[in-house]
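Below you'll find the structure, written out as C-alpha cells, and then a few comments.
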Amino acid sequence: MKVLLVGATGFIGLNLLKFFLEKSYEVIGIDNFYSSSERNLEILDNYKNFMFYKWDIRRYPKFLEKYDIDIIINLACPASPKWYMKDPVFTLETSFIGAKNLLDLAKKKNSIFLQASTSEVYGDPEIHPQNEEYRGNVNTLGSRACYDEGKRVAETLCYEYWKSFNMDIRIMRIFNTYGPYMDIKDGRVISNFITQALKGEDITIYGDGNQTRSFQYIDDLVSAIYKYITISREELTEKLKTKFNWNTVPTLNLGNPEEYKILDLAKIILKLTNSESKIVFKEKFQDDPKQRKPDITKAKYILNWEPKIELVEGLQKTISYFKEVLF
Ligand code: UDP
200 MKVLLVGATG FIGLNLLKFF LEKSYEVIGI DNFYSSSERN LEILDNYKNF
250 MFYKWDIRRY PKFLEKYDID IIINLACPAS PKWYMKDPVF TLETSFIGAK
300 NLLDLAKKKN SIFLQASTSE VYGDPEIHPQ NEEYRGNVNT LGSRACYDEG
350 KRVAETLCYE YWKSFNMDIR IMRIFNTYGP YMDIKDGRVI SNFITQALKG
400 EDITIYGDGN QTRSFQYIDD LVSAIYKYIT ISREELTEKL KTKFNWNTVP
450 TLNLGNPEEY KILDLAKIIL KLTNSESKIV FKEKFQDDPK QRKPDITKAK
500 YILNWEPKIE LVEGLQKTIS YFKEVLF
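For the record, in the sequence shown the residue sitting at position 266 is 465 according to my numbering, with numbers rising by one throughout.
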C-alpha cells in the first residue's frame, strides 16, 4: 500500500508517518516546512520504506505522477491560529490550490483521497455538540476566516470532484488534538500551557477561560484515520446512506467529546506539572469560538471506533514529551 502524506512533518503528519511506517506501508512524504521543521525528519531515519520531497503544494506535483499512489492524505495547511493568521493569503492558497492540485493528482492516479478538514468549519457554533449536518457560523471577514473559509471551500472542491468524477473522496473534520510531536512553539492552548507550567511562567488565558474545547489524544485520531482509509468505499457509502441518510461525500467528525473549560484545563495542567505558575487573563481573540464539542455518532458507528485516552492520561504523556524537548 503506497500512501502520499502531504503535510508530513507537522504534528499529525509525523504521528501518522510513524504509524504507517511501523505497519510497513510505503510512504511518500511532502512538506514545505512552513510551520514545521526539517529536523522532524530525523526521527524517521531508521525507516526504509519512506521517501520525502520538499514541495509547496500550491504548485502541481507533476513529478509524483510516476508513482502508484493508493491513498493521498492532505494535511497540508498551517492549523494553529498563530500560524494560519501569519500569512492569511498563503493559508487560503494552500487550502484551495493545494487541495485542487492533490485532487487532480488523485484523479489521475485513481487514489483514495482523504481531506483533513476541521471543526473550524463550524465557526463559533450555535448548536452544541456539532454534528456533520450543522452548516456552521463563520465570519467571512474575520481573522480566522482565512483558515475556516479555506477549509470550507476545500470541502466544496472535494464535493464537486466527488460529484463530477465519481472519485473515492473522504473528508475528516478534525477537532482539537494534542500529544507528542506537537511543536512547543505552536501557540495552541495545550502546548502553551504545558510549556508555561514547566518553565514556571504565567499561564496565559485569552478571555475569561469559560470558553470550551474538547481534546483528542493523537493516538485516538491516528486509529480513526487508519479505520477511515481502510474501510471499503461500498461499506462506507452504504452505512452513511442507510443509517444517517447521508448521500454526499463521506464526512466524519473525528474528536473526543469530553468537553473542558479552558480555565479548568489550565488548573489540570498546573496540578499535573506540580507547577507554581500563576494564571493571568489576556484579551480574547476575535471570533474565538465559545464552545466546541464533536458529535461523533457517525464515526463511532461507521468506523467502530471511539476515543480511548482520557485527558489526564493524554496530558501526562504529552507532559513527559515536552519535558524531554525542553530540558
Ligand atoms: N488559548 C488560551 N491561551 C493560550 C492559547 C489558547 O487561552 O495560550 C485559548 C484560545 O483563545 C481558545 C482555546 O484556548 O479559546 C483553544 O485555542 P487553540 O489555539 O489551542 O485552538 P483553537 O481551538 O482556538 O483553534
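Glycine is no exception: its CB is placed at the ideal position from the N, C-alpha and C atoms. Keep in mind the model is a prediction, meaning the values are calculated, not measured.
Just to confirm my understanding: we take residue i, look at its own chain, exclude 5 residues before and 5 after, and list those with CB closer than 6 angstroms. What are they?
{"i": "I211", "result": "L274"}
{"i": "I311", "result": "I270, D367"}
{"i": "L451", "result": "M371, K497, A498"}
{"i": "W445", "result": "L439"}
{"i": "F262", "result": "none"}
{"i": "S234", "result": "P277, W282"}
For residue i, write down the residues that DSSP places opposite it in a beta bridge.
{"i": "P493", "result": "Q329"}
{"i": "S316", "result": "R372"}
{"i": "G228", "result": "L204, F251"}
{"i": "G322", "result": "N336"}
{"i": "T450", "result": "I370"}
{"i": "E241", "result": "Bridge partners of E241: none, in fact."}
{"i": "Q415", "result": "T376"}
Under 7 angstroms Cβ to Cβ from residue i, same chain only, skipping five residues before and after it: list those, please.
{"i": "D419", "result": "N455, P506, K507, I508"}
{"i": "A423", "result": "L453, A498, L502, W504"}
{"i": "G341", "result": "Q485, D486"}
{"i": "Y380", "result": "F210, L213, N214"}
Where does residue i sit, in a helix, a strand or coil, going by DSSP?
{"i": "L274", "result": "coil"}
{"i": "Q570", "result": "Within the shown structure, residues of the chain are numbered from 200 to 526, placing residue 570 beyond reach of any answer."}
{"i": "V193", "result": "Residue 193 is absent from the structure shown; the chain starts at 200 and stops at 526."}
{"i": "Y377", "result": "strand"}
{"i": "K384", "result": "coil"}
{"i": "I404", "result": "strand"}
{"i": "Q485", "result": "coil"}
{"i": "I311", "result": "strand"}
{"i": "E458", "result": "strand"}
{"i": "N391", "result": "helix"}
In its own chain, which residues sit with a C-beta less than 8 angstroms from the C-beta of residue i, not counting the 5 before and 5 after it?
{"i": "A465", "result": "F392, I402, I404, G408, I478"}
{"i": "T472", "result": "I393, A396, L397, I518"}
Mind checking if residue i is an interface residue toward chain D, Cβ cutoff 8 angstroms exclusive?
{"i": "D230", "result": "The structure shown contains no chain D, having only a single protein chain."}
**Report entry** Cβ pair count under 8 angstroms reaching 3, the stretch 491-501 against the stretch 345-362
**Finding:** No, the stretch 491-501 does not touch the stretch 345-362.
Query raised in the report: Hey, is the stretch 245-254 in contact with the stretch 218-230, meaning 3+ C-beta pairs nearer than 8 angstroms?
Result: At 8 angstroms Cβ cutoff, the stretches touch.
**Report entry** Segment contact, 8 angstroms Cβ cut-off, at least three pairs: the stretch 380-392 with the stretch 324-339
**Finding:** Judged by Cβ distances under 8 angstroms, the stretch 380-392 makes no contact with the stretch 324-339, as fewer than three pairs qualify.
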